[in-house]
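Notes to accompany the following structure.
Numbering (the working numbering), first residue to last: 49 to 410.
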């Protein structure tokens, strides 16, 4: 009897081709699309038809499933998504952080609740369209999470919280594909999403305008305050803590002999944005909490390649574990604009291919 795979179908080309590839390999495939948010919850309509989990995305996923001749189900996860992802996003900005909601969604929704539901459908595996690889070391009897073959599409950074148990039930069919070939497959199969544009936006933020979203939902967070330079001098007025992130230069509207100014720190207690020259943005020491380890929990210091944000280049560092769920990391070279709320993800030092784990920067 064929192994059953539940495919998380977002309505995009990657998850659609994921379903098609698995069916070609002989799996018993079912498609599942999640309703994660709705316009009423977010105060106004979202017109981005390319956002995953929108109403139009559900329709696209249903159309693809029909063409592939696989069962399709839509599950309503709006309440838990609001509490675990949207409220987390709002709270982080209120605390002067810059969160990554995709990581929270992967942890609580896609590889949490969705897998639980998929199991109820009798699924042996959960598959997604992520560009990452999974390998099994029979000698160590351990699963490894590896970067995707196409480095430009690699999504291993947002998957660092996958555990050994979860990795044993996850399939990433897109791991070795180039994006161009993905679209060719979709076109050959007659899938209507073959040329659908990719969305780089946060799915629940209209036009990716997070400031407008926060003003609509939590206007009390936008309290004007002072810009203060490295000498303690007030050099201007800011428009509210959520408007700024570490390393920001544009939109400060600050002049004077001390410029150009960059946001170097955020003091939420006193409602102050600290600014200074670009050299003040560089640091070698990073602390991360809520650490998650893919293979084993480290007990001793070790060397790794670290990434301080999705778009950052990995860099050599020493990792000092602080219990099971926190780390202190010292980079060999200063990193620019280390930002609270972003994920610090650690890779093996030899070639930077294998994900070791990560945590949330504080």
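Ideal Cβ positions, reconstructed from N, Cα and C, are used throughout, including at glycine.
Give me the DSSP bridge partner(s) of residue i.
i, result
"residue 384", "330"
"residue 74", "None, per the DSSP bridge assignment."
"residue 376", "335, 368"
"residue 276", "282, 322"
"residue 242", "Paired residues: none, contrary to the question."
"residue 402", "194"
"residue 120", "79"
"residue 213", "Partner(s): none; residue 213 has no beta bridge."
"residue 340", "406"
"residue 317", "In the DSSP output, where bridge partners are listed per residue, residue 317 has none listed."
"residue 218", "174"
Where does residue i sit, in a helix, a strand or coil, going by DSSP?
i, result
"residue 369", "strand"
"residue 92", "The predicted position of residue 92 is uncertain, since its pLDDT is 47 and thus under 50; a value taken from the coordinates is nonetheless stated next. Three-state result, residue 92: coil."
"residue 59", "coil"
"residue 410", "coil"
"residue 198", "coil"
"residue 183", "strand"
"residue 34", "Beyond the ends of the chain as shown, which are 49 and 410, falls residue 34; an answer cannot be given."
"residue 306", "coil"
"residue 104", "helix"
"residue 392", "strand"
"residue 66", "helix"
"residue 166", "helix"
"residue 98", "Residue placement at residue 98 is flagged as unreliable, the pLDDT there being 43, under the threshold of 50; the coordinate-derived value follows with that caveat. Three-state result, residue 98: coil."
"residue 84", "coil"
"residue 113", "helix"
"residue 363", "strand"
Which residue marks the beginning of the beta strand (DSSP E) containing residue i, and which one marks its end?
i, result
"residue 53", "52-56"
Taking residue i as part of the alpha helix (DSSP H), name the residues at either end of that continuous run.
i, result
"residue 126", "126-129"
"residue 351", "Counting along the chain, residue 351 falls outside any alpha helix (DSSP H), though it belongs to the beta strand (DSSP E) covering 350-355."
"residue 285", "From DSSP, residue 285 is part of no alpha helix (DSSP H) but of the beta strand (DSSP E) over 282-286."
"residue 174", "Here residue 174 belongs to no alpha helix (DSSP H); instead the beta strand (DSSP E) covers 173-175."
"residue 258", "258-265"
"residue 152", "149-153"
"residue 297", "Careful: residue 297 lies outside any alpha helix (DSSP H) and carries neither H nor E."
"residue 232", "227-236"
In whole angstroms, what is the alpha-carbon distance linking residue i and residue j?
i, j, result
"residue 79", "residue 299", "44 Å"
"residue 185", "residue 278", "51 Å"
"residue 155", "residue 211", "10 Å"
"residue 59", "residue 81", "8 Å"
"residue 61", "residue 104", "14 Å"
"residue 70", "residue 117", "13 Å"
"residue 129", "residue 152", "9 Å"
"residue 223", "residue 175", "11 Å"
"residue 398", "residue 350", "12 Å"
"residue 228", "residue 287", "43 Å"
"residue 365", "residue 374", "15 Å"
"residue 313", "residue 139", "18 Å"
"residue 262", "residue 74", "46 Å"
"residue 380", "residue 371", "23 Å"
"residue 198", "residue 251", "23 Å"
"residue 53", "residue 170", "9 Å"
"residue 356", "residue 235", "37 Å"
"residue 127", "residue 137", "15 Å"
*the region 158-172 touching the region 188-197, judged by at least three CB pairs closer than 8 Å*: Short answer: they don't touch.
_Three-pair Cβ contact test at 8 Å for the region 339-346 versus the region 380-387_ = By the C-beta criterion, the region 339-346 is judged not to be in contact with the region 380-387, since fewer than 3 inter-stretch pairs fall below 8 Å.
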